[in-house]
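Chemist: Got a structure here, written out as structure tokens. Questions coming.
2 protein chains.
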Amino acid sequence: MTEAATNTTTPRYPIGDLARQTGTKVQTIRYYESIGLLPQPARTAGNQRVYGQDQLDRLGFIKHARDFGFPLDAIRELLDMTDRPAASCVEADEIVRRHLGEVRRRIGRLQALEGELGRMLESCSHGTVADCRAINVLSDHEKCCATSHEPVETIPYRAPD
Amino acid sequence: MTEAATNTTTPRYPIGDLARQTGTKVQTIRYYESIGLLPQPARTAGNQRVYGQDQLDRLGFIKHARDFGFPLDAIRELLDMTDRPAASCVEADEIVRRHLGEVRRRIGRLQALEGELGRMLESCSHGTVADCRAINVLSDHEKCCATSHEPVETIPYRAPD
DNA sequence: CTTGAACCTACAGTCGCTGTAGCTCCCATA
DNA sequence: TATGGGAGCTACAGCGACTGTAGGTTCAAG
Numbered sequence: 000m001t002e003a004a005t006n007t008t009t010p011r012y013p014i015g016d017l018a019r020q021t022g023t024k025v026q027t028i029r030y031y032e033s034i035g036l037l038p039q040p041a042r043t044a045g046n047q048r049v050y051g052q053d054q055l056d057r058l059g060f061i062k063h064a065r066d067f068g069f070p071l072d073a074i075r076e077l078l079d080m081t082d083r084p085a086a087s088c089v090e091a092d093e094i095v096r097r098h099l100g101e102v103r104r105r106i107g108r109l110q111a112l113e114g115e116l117g118r119m120l121e122s123c124s125h126g127t128v129a130d131c132r133a134i135n136v137l138s139d140h141e142k143c144c145a146t147s148h149e150p151v152e153t154i155p156y157r158a159p160d
Numbered sequence: 000m001t002e003a004a005t006n007t008t009t010p011r012y013p014i015g016d017l018a019r020q021t022g023t024k025v026q027t028i029r030y031y032e033s034i035g036l037l038p039q040p041a042r043t044a045g046n047q048r049v050y051g052q053d054q055l056d057r058l059g060f061i062k063h064a065r066d067f068g069f070p071l072d073a074i075r076e077l078l079d080m081t082d083r084p085a086a087s088c089v090e091a092d093e094i095v096r097r098h099l100g101e102v103r104r105r106i107g108r109l110q111a112l113e114g115e116l117g118r119m120l121e122s123c124s125h126g127t128v129a130d131c132r133a134i135n136v137l138s139d140h141e142k143c144c145a146t147s148h149e150p151v152e153t154i155p156y157r158a159p160d
């Protein structure tokens, strides 16, 4: 009876627990808050963040969607939809479809690239740099067999740990 | 006879020509210079950059390698090799091989993702958000069929124009 | 001589974080 | 009750590879 606004049975997690339970880093959670993807949580008397179950679920959703490669603004749209559960899911569908299209395009480009790199290596005679097939292909546009020359996306080398 | 240092027959391009001829943007060329990937070119009396054939070739190499998805530091290594044409091309080979490995890993991850997204869409009943398979899969880890759960790389949505 | 395109520098913004510095807070043990 | 250390806090810089903008200068054609 002493508490009214917040549900007494709701668990209250500090940020580190949220991080551990979702596999997100603490900084990332704060970053999501800073860009408005997560609402500002309650604070302790000592100014530390305290989260409830709903926030945990929301972050879980975000994490999962990020693992699927959705960009944050798509995730934002998806989250907006989960807040209106009675709405039609056509839009959600559309977002997923768009993402799938993007993934397929990326796969296509990478496969073309894979072929070219493979050919580069196969035809390398392992002599000097001057004769190196790989380097020659890069030096001279004519020597390469690419059908099209759209650049492959600028993707950072980043091992997912 | 009036000119000594620079070869009289060498063409001299302003930055815009270099950009047009290689398909690079002017700012990108200046950026490459700022990070030391391109040497500082000669300047006109009015402080404008002037390039020769060698710079054009170097930039062409960089552009081409970028189109192949090589990161700039790999390109830097490759360029260092072209400056020592008598050296063995084993290292160059190694760089290409590493990149190919990276490309293949990325393809694998994206294909797994493609499967999951496809399944999401297939099983969506096109009702309300509350029943939406796609959103449910994202909400609930148990509902998704991923064999592994390494995150797919964080790749920005960036159409290559 | 004028116009306007091309050039110049310097810096902020993109995406999605990650890392650091320099604090404060909280809780378990002595 | 003191203390130690892990966890938390803010604020900001940095990553990769650019891209865009503001506000100025230079150049070449007419």
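Chains D and R are the protein sequences, given in the same order. Residues 0 to 160 in numbering that gives the first Met the number 0 are what the first sequence spells out, letter by letter. Residues 0 to 160 in numbering that gives the first Met the number 0 are what the second sequence spells out, letter by letter. Ideal placement from N, C-alpha and C gives every residue a C-beta, glycine not left out.
Measure the C-alpha to C-alpha separation of R/T81 and R/T27 and round it to an integer number of angstroms.
Modeler: So the alpha carbons of these two residues sit roughly 22 Å apart.
Chemist: Going along the chain, which residues of its own chain have a beta-carbon closer than 8 Å to the beta-carbon of D/T1, five neighbours each way excluded?
Modeler: Because the pLDDT of D/T1 is 37, which lies under 50, any placement of that residue in the model is unreliable, and the question is left without a value.
Chemist: With distance defined between alpha-carbon atoms, name the residue in R/D72, R/I14, R/E113, R/D53 nearest to D/R97.
Modeler: Ranking R/D72, R/I14, R/E113, R/D53 by Cα distance to D/R97 puts R/E113 first.
Chemist: Taking only beta carbons into account, state which residues of the region 51-68 of chain R come closer than 8 Å to chain D, listed in chain order.
Modeler: Flagged, chain order: D56, G59, F60, H63, A64, R65, D66, F67, G68.
Chemist: Output yes if chain D places a C-beta closer than 8 Å to the C-beta of R/R118; else output no.
Modeler: With 8 Å as the cut-off, R/R118 does not count as an interface residue toward chain D.
Chemist: Within 8 Å (strictly less), CB to CB, does R/A3 reach chain D?
Modeler: No answer about R/A3 holds up, because its pLDDT of 39 lies below 50 and its placement is not dependable.
Chemist: I want to see whether chain D comes within less than 8 Å of R/D26, judged by CB atoms only; does it?
Modeler: Asp is not the amino acid found at residue 26 of chain R; the sequence shown has Gln there. So no, R/Q26 is outside the interface.
Chemist: Could you spell out where the alpha helix (DSSP H) holding D/V89 opens and where it closes?
Modeler: D/V89 -> alpha helix (DSSP H) spans 89-121.
Chemist: Could you tell me the distance, in whole angstroms, from the CA atom of R/L109 to the CA atom of R/R57?
Modeler: So the two alpha carbons sit approximately 33 Å from each other.
Chemist: With C-beta atoms as the reference, is R/M119 less than 8 Å away from R/A129?
Modeler: No, the Cβ-Cβ distance between R/M119 and R/A129 is not below 8 Å.
Chemist: Taking Cβ-Cβ distances shorter than 8 Å, what residues in chain D pair up with R/L163?
Modeler: Because residue 163 of chain R is not part of the residues shown, which for chain R are 0 to 160, the question remains open.
Chemist: Excluding the 5 residues flanking R/T42 on each side, which residues of the same chain have their C-beta closer than 7 Å to its C-beta?
Modeler: The sequence given here has Arg at residue 42 of chain R, not Thr. So the list reads R48, V49, once near-sequence residues are dropped.
Chemist: Considering D/V136, what are the terminal residues of the alpha helix (DSSP H) in which it resides?
Modeler: 132-138 is the extent of the alpha helix (DSSP H) around D/V136.
Chemist: Please classify D/T23 as buried or exposed, where buried requires at least 16 other C-beta atoms within 10 Å of its C-beta.
Modeler: D/T23 comes out buried.
Chemist: Between D/E90 and R/H125, what straight-line distance do the alpha-carbon atoms span, to the nearest angstrom?
Modeler: Approximately 10 Å, taken between the alpha carbons.
Chemist: Measure from the C-beta of D/A133 to each C-beta in chain R and report whether the shortest distance is under 8 Å.
Modeler: Yes, its Cβ sits closer than 8 Å to a Cβ of chain R.
Chemist: D/V49 lies in the beta strand (DSSP E); which residues open and close that run?
Modeler: Element bounds for D/V49: 48-50.
Chemist: Buried or exposed: where does D/R29 fall if 16 or more other Cβ atoms within 10 Å of its Cβ makes it buried?
Modeler: It counts as exposed.
Chemist: Please state the DSSP three-state secondary structure of R/R180.
Modeler: An answer regarding residue 180 of chain R cannot be provided, because it is not within the stretch 0 to 160 covered by chain R.
Chemist: Less than 8 Å between the beta carbons of R/L161 and D/G117, yes or no?
Modeler: The structure shown has nothing for residue 161 of chain R, since chain R only spans 0 to 160.
Chemist: Please name the residue, chosen from R/A73, R/R75, R/L55, R/P38, that lies closest to R/Y12 on a Cα-to-Cα basis.
Modeler: Comparing Cα positions, the closest option is R/L55.
Chemist: Any beta carbon of chain D sitting closer than 8 Å to that of R/S33?
Modeler: Output row for R/S33: interface = no.
Chemist: Anything in chain D within Cβ reach of R/V128, meaning under 8 Å, just list it in chain order.
Modeler: Going along chain D in sequence order, the residues near R/V128 (Cβ under 8 Å) are M80, T81, R83, P84, A85, A86, S87, C88, A91.
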